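Written below as structure tokens is the structure these notes are about.
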Amino acid sequence: MSPVQPDLPKVRLHVVTGKGGTGKTTVASALALAMARRGRRVLLAEVEGRQGISQTFDIAPLGHRETRILHDRTGGELWGLSVDAKESLREYLQKFYKVGRAMGVLDRFGAVDFATTIAPGVRDVLLIGKVYEAAGRRSGKGGGPAYDAVVLDAPPTGRVARFLNVNAEVADVARVGPIRTQADSITRMLRSHTTAVHIVTLLEEMPVQEAVDAQAELRAVGLPVGAIVVNQLRDPMLSAKALKQVSSNRSKRLAEGVAKDLESVHVRMTNGLVEGLLDDARQHADRVALEREQDAILQDLGRLTVRLPLLPEGTDAGGITVLADALADQGML
Amino acid sequence: MASRAAVASALDLAALATDPATRIVVCCGSGGVGKTTTAAALGLWAAEHGRKVVVLTIDPARRLAQSLGLTELDNTPRPVAGIDTSGGGSLDAMMLDMKRTFDEVVEAHATPEKAAQILANPFYQAVSSSFAGTQEYMAMEKLGQLRALAERDGRWDLVVVDTPPSRSALDFLDAPKRLGSFLDGRFIRLLAAPARAGSRAGLKVFSVGVNVATSTMSKLLGGEMLRDVQTFVAALDTMFGGFRERADETYALLKDPETAFVVVAAPERDALREASFFAGRLEEEGMPLAGLVVNRVQRVAAPSLSASRALAAAEQLGDAEEKSTTAATTQGLLRLHAALAETAARQESLARRFAAGHPGIPSVEVPAAAQDIHDLDGLRAVGAALAGG
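Protein chains in written order, with the numbering used here: chain A, 1 to 333; chain B, 334 to 722.
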């Protein structure tokens, strides 16, 4: 299957995934914020009920109702949503069968639990279905799209291909019927050029391996992979020359030089100080070498690679804005 | 370090792992914190200190799996080569195959014809390979099996389990019950025999409800899926009761004092928050929490030099009129040191805050390694840190 290369400025649904711990919620939030700060009306949605969005923006927990997080001077707006499978089912029943009130009965018989947690694939269809609905929604009289873009904080890389490939997921159990029809329309949107799945990673072995695996899986099921986002990059602390020096075998001479330098600026020399500094530098050099290897693996994927700095203070204190600007500067919007 | 001792009481995993009364250790925590590595390292340490250990991993990184000799996913524990067995211990490891485990449960509890019928059912195939809770359920099922096997033939005296990479660390406690009570519950019986369920209840309201429920489900899912579910349920009829019972048994096992939960967290805000939820939940359920492993903690090799002094010295070197040949490198070393020391201080303050909020939870720190861990020596180093060495 030939991969669709998404034209990022035209993308209306941005799906953000990554291995657990790589910061995909932060990246999804920064991407949504970047677009809102540039005058667009954006919905940021999560589907696992983790309240990652409300924690990132330090607001009250989100529910199934779209809530405005901020309004920008440019006229842009950021809305947040935590999709709930049961509520999606209720809306779905109401919309297509006008039987929203049947929920009580269904609930009593365990049918709601069945549909939202156990029936294979149905939960995912309901969750993405809500995102699909929001992305395609037209607002009132003007008839324009309700949102210029939707950003989905998706499940982690290990599960994302299955989550997005709803069609195949329900195919086993629902070959016909409305769930199937819904799955088909969702799949059409997901595979189109208006969707991009971005993969967040760190320059470490496991996250990179998962990013590589995920992009292969996504391609195999015809989903358009967007950017690779390398998160939490540290500034180079040592020059190329220094890295070479600390890793070489002639570090005794280096140690003497460093000791003299430290004395010249009156650093109190304690036992093991110079050796300690050099030990940490050697470890750092090992890590830099590993990061370069991992970076090369990502480059081979041939995708737009976006790099984000490590924020020592986390996403507090405007950190998320720093990331948003970095995403915009590197062509992700 | 003195300041660390004041932070929290120390988690003595060495004592825990060598205590013959400890029969099960469950490693849990949010995704990406190093649960699998911790489970493997603890298992290895215990094996080299005389325990007969089996480690159940769920989804190990490829190279870590290879280091344990886990090249094939065949759902059977295999001995790990290269272990020091002079203390009388041994180490086996296995990777969970959830579908295979589910199949085995069916095969063990149904007649051969019934089992074949169930295994061929499309609904069963979907539930057993893709339902989000199946992995959790099967991990607990496998834990129960290994524990029973250990009891019976004495091949192992300690089972160490890793938990699935769930959406939240709590999922593996809830999912088995959810699947168990579903497979055993009212709704599925109703699907199996709606008429019977209605007449037995003898209530008109009930049978109206049944009709609303089944007809809505049929509209939603399509008649075909419902038929698959019904055949599945009919075939499974003999096993009813079994599922919930098994889920309840495993739950009871997790509450037993022979079990110890070890919560793994990275020294970061989100991971510690998750650890805190988890600790609260374990306490609520009366499950024995041994303590917290704070994984990948930044250490500095020259702690006597403060971050601010290092930065000042780097600036002074930059301002000096005469520069030595090593001055630029020394400046780099000082800046690197300052950055590492700041990270270490931030992590320590997070850990301290956690300890203050959870005074009863002992903890142990594992220093960050420069490289990912993918061989036995790497695991030994982590094991030594876990055991407080």
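Backbone N, C-alpha and C fix where the C-beta goes; we use that ideal spot for every residue, glycine too. Computed from a predicted structure; not experimentally measured.
Using a C-beta to C-beta distance shorter than 9 angstroms, which residues of chain A count as neighbours of residue 743 of chain B? Since the first and last residues shown for chain B are 334 and 722, residue 743 of chain B lies out of range.
On a CA-only basis, which of B:450, B:702, B:654 and B:613 is nearest residue 205 of chain A? Give me that one, please. B:702
For residue 529 of chain B, which of helix, strand or coil comes out of DSSP? Residue confidence for residue 529 of chain B is low, a pLDDT of 44 falling below 50, so the modelled location carries little weight and cannot support an answer.
Determine which residues of the stretch 355-370 of chain B have a Cβ less than 7 angstroms from any Cβ of chain A, and write them out in chain order. 363, 364, 365 and 366
Report the residue from A:133, A:154, A:96 and A:122 whose alpha carbon sits nearest the alpha carbon of residue 49 of chain A. A:154
Go ahead and label residue 537 of chain B buried or exposed: buried means 16 or more other beta carbons lie within 10 angstroms of its beta carbon, across all protein chains shown. Low per-residue confidence applies at residue 537 of chain B: pLDDT is 47, beneath 50, and the placement is therefore not dependable, though the value from the model is reported in the following sentence. Burial call: exposed.
What residue range does the alpha helix (DSSP H) around residue 477 of chain B cover? 467-486
What residues from chain A crowd round residue 665 of chain B, counting only those whose CB sits closer than 7 angstroms? 237, 238, 239 and 242
Under 8 angstroms by beta carbon: chain B residues contacting residue 258 of chain A: 659, 662, 663 and 666
What residues in its chain sit with their C-beta under 6 angstroms from that of residue 323 of chain A, if we drop five residues either side in the sequence? 30 and 308
Does the beta carbon of residue 332 of chain A sit closer than 7 angstroms to a beta carbon anywhere in chain B? no
Is there a C-beta anywhere in chain B that falls below 7 angstroms from the one on residue 90 of chain A? no
With DSSP collapsed to three states, give me the class of residue 664 of chain B. helix
Verify the CB distance criterion: does residue 18 of chain A have a CB-CB separation below 7 angstroms to chain B? no
Give me whichever residues DSSP pairs with residue 358 of chain B in a beta bridge. B:493 and B:593
Best match in B:699, B:659, B:446 and B:641 for proximity to residue 600 of chain B [C-alpha to C-alpha]: B:699
Let's test the definition: count the other Cβ atoms within 10 Å of the Cβ of residue 654 of chain B and tell me whether it reaches 16, buried, or not, exposed. exposed
In terms of residues, what are the limits of the alpha helix (DSSP H) holding residue 603 of chain B? 602-617
Please check if any C-beta of chain A sits within less than 7 angstroms of the C-beta of residue 703 of chain B. yes
Among B:640, B:497 and B:611, which has the Cα closest to the Cα of residue 471 of chain B? B:497
Based on DSSP bridge pairs, tell me the residues matched to residue 598 of chain B. B:627
Of all the CB atoms in chain B, is at least one closer than 7 angstroms to the CB of residue 229 of chain A? no
Give the interface partners of residue 394 of chain B over in chain A, defined as CB-CB distance under 8 angstroms, in chain order. 205, 206 and 209
CB contact check: residue 21 of chain A to chain B, cutoff 7 angstroms: yes
Closer than 7 angstroms at the beta carbon, the chain A residues around residue 597 of chain B: Chain A residues near residue 597 of chain B: none, gap ~12 angstroms exceeds 7 angstroms.
On the premise that residue 371 of chain B lies in contact with residue 360 of chain B, defined as a C-beta separation below 8 angstroms, what is that separation, rounded to the nearest angstrom? 5 angstroms
In the DSSP assignment, find the unbroken beta strand (DSSP E) run with residue 382 of chain B in it and report its ends. From DSSP, residue 382 of chain B is part of no beta strand (DSSP E); its letter is neither H nor E.
Establish whether the CB of residue 506 of chain B and some CB of chain A are separated by less than 7 angstroms. no
Judging by CA-CA distance, which residue of B:683, B:435, B:401 and B:452 is the nearest neighbour of residue 314 of chain A? B:683
If contacts are defined as beta-carbon pairs under 8 angstroms, then residue 216 of chain A and residue 40 of chain A qualify, I think. What distance do you get, rounded to the angstrom? At roughly 32 angstroms, the Cβ-Cβ gap does not stay under 8 angstroms, so residue 216 of chain A and residue 40 of chain A are not in contact.
Three-state secondary structure (DSSP) at residue 451 of chain B? helix
Suppose only complete runs of 4+ residues qualify. What are the alpha helix (DSSP H) ranges in the stretch 37-68 of chain A, listed by chain order? 52-57
How should residue 6 of chain A be labelled, buried or exposed, when 16 other C-beta atoms within 10 angstroms of its C-beta is the threshold for buried? buried
Of all the options B:605, B:491, B:649 and B:638, which has the alpha carbon lying nearest to the alpha carbon of residue 383 of chain B? B:491
Test: residue 245 of chain A CB closer than 7 angstroms to a CB of chain B: yes
With the cut-off set at 7 angstroms, would you say residue 668 of chain B and residue 237 of chain A are in Cβ contact? yes
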